[in-house]
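**Student:** One structure follows; several queries about it will come next.
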Amino acid sequence: MTKILHIDASSMTISSSSRKLSAAIVKKLNVAAEDVTYRDLSTSNLQVITEAQIGSFFTPAADRSEDQKQVIKLSDSLVEELRANDTIVLGVPMYNFNVPASLKLYQDLVARVGETFIYTEEGPKGLLEGKKIYVAVTTGGVPIGSPADSLTPSLKTFFGFIGITDITFINADGTSVDLDKALETAYAEIEKLVA
Ligand SMILES: Cc1cc2nc3c(=O)[nH]c(=O)nc-3n(C[C@H](O)[C@H](O)[C@H](O)COP(=O)(O)O)c2cc1C
-9 MTKILHIDAS SMTISSSSRK LSAAIVKKLN VAAEDVTYRD LSTSNLQVIT EAQIGSFFTP
51 AADRSEDQKQ VIKLSDSLVE ELRANDTIVL GVPMYNFNVP ASLKLYQDLV ARVGETFIYT
111 EEGPKGLLEG KKIYVAVTTG GVPIGSPADS LTPSLKTFFG FIGITDITFI NADGTSVDLD
171 KALETAYAEI EKLVA
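In the working numbering, the protein residues as written are -9 to 185.
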């Protein structure tokens, strides 16, 4: 049974194109509502990662003090949420050529040594294997795949690093140039997805 973690990162709400597209992907995947977990990064109040949190990450779980356990509670629950779902659907607008800051804060909290990746003699190895991610990307004008697009390569690298290598991008680039066309193209791609 597929379980979906649906994440949105746009700071915009009703008018957000990436939210509309991520919702359309979830709908297309045709999973029962109770098997969808929703996380809105724009209202999750994530904070810049701290020295205390990093120190706790790099302390073996059995050796962590109560304070160290406390400061990574949110990180633990975000990692658990990723683990518990086999499909991730992410709606993400381009902000200044990359992901919104809320998504970067999220990435810093879920890239966890010993939890979502490990170091091996052959280099780092992602631990969240066997999952699939769909990413609906919106940009105002920057073409996806152009030199100014730092967003899609960085997400591919990031999710690959934690073991999620099966990644499908649904692109709606140029929403400020021609919104209808950008959305039409993306909805046509979503229509082709196999549930
Ligand atoms: C803070 C901010 C920064 C943005 N930076 C870029 C950018 O670097 N390149 C670009 O093509 N569009 C940029 N845009 C436009 C958005 O990517 C575009 O409007 C997108 O459709 C927004 O998606 P949303 O409707 O889901 O919020 C920016 C928009 C905002 C609000």
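Positions of the beta carbon are idealized from the N, C-alpha and C atoms, including for glycine.
Treat the numbers as computed from the prediction; the structure is a model and nothing was measured.
1) The beta strand (DSSP E) with Val82 in it runs from where to where?
2) So, Leu102 versus Val125, is the Cβ gap smaller than 8 Å?
3) Our contact map puts Phe151 next to Phe87 with C-beta atoms below 8 Å; I'd like the distance itself, whole angstroms only.
4) Starting from Thr128, follow its DSSP beta bridges and name the residues at the other end.
5) For Pro137, which of helix, strand or coil comes out of DSSP?
6) Determine whether the beta carbon atoms of Ala162 and Ala176 lie at a separation below 8 Å.
7) Does any heavy atom of ligand 1 sit closer than 7 Å to the C-beta of Tyr85?
8) What does the alpha-carbon distance come out to for the pair Leu36 and Ile62?
9) Is Ile39 near Asp98, with beta carbons less than 8 Å apart?
**Tutor:** Straight from the coordinates:
1) Translated into the one-based positions of the sequence shown, residue 82 becomes position 92. 77 to 83 is the extent of the beta strand (DSSP E) around Val82.
2) Your numbering for residue 102 matches position 112 in the sequence shown. Your numbering for residue 125 matches position 135 in the sequence shown. The question names Leu, but residue 102 in the sequence shown is Arg. Contact: no.
3) Taking the sequence shown and counting its residues from 1, one reaches residue 151 at position 161. Taking the sequence shown and counting its residues from 1, one reaches residue 87 at position 97. Your pair Phe151 and Phe87 does not check out as a contact, with CB atoms roughly 20 Å apart and the cut at 8 Å.
4) Looking up residue 128 in the sequence shown gives position 138. Thr128 is bridged to Pro83, Ala162.
5) Position 147 of the sequence shown, counted from the first residue, corresponds to residue 137. In this structure, Pro137 counts as coil in the three-state DSSP scheme.
6) To locate residue 162, count along the sequence shown from 1; it is residue 172. To locate residue 176, count along the sequence shown from 1; it is residue 186. Yes, they are a contact pair.
7) Here residue 85 refers to the residue found at position 95 of the sequence shown. Yes.
8) Residue 36 sits at position 46 when you count from the first residue of the sequence shown. Residue 62 sits at position 72 when you count from the first residue of the sequence shown. The straight-line gap from Cα to Cα measures roughly 12 Å.
9) Stepping through the sequence shown from its first residue, residue 39 is reached at position 49. Stepping through the sequence shown from its first residue, residue 98 is reached at position 108. Their beta carbons are under 8 Å apart, which means Ile39 touches Asp98 by this criterion.
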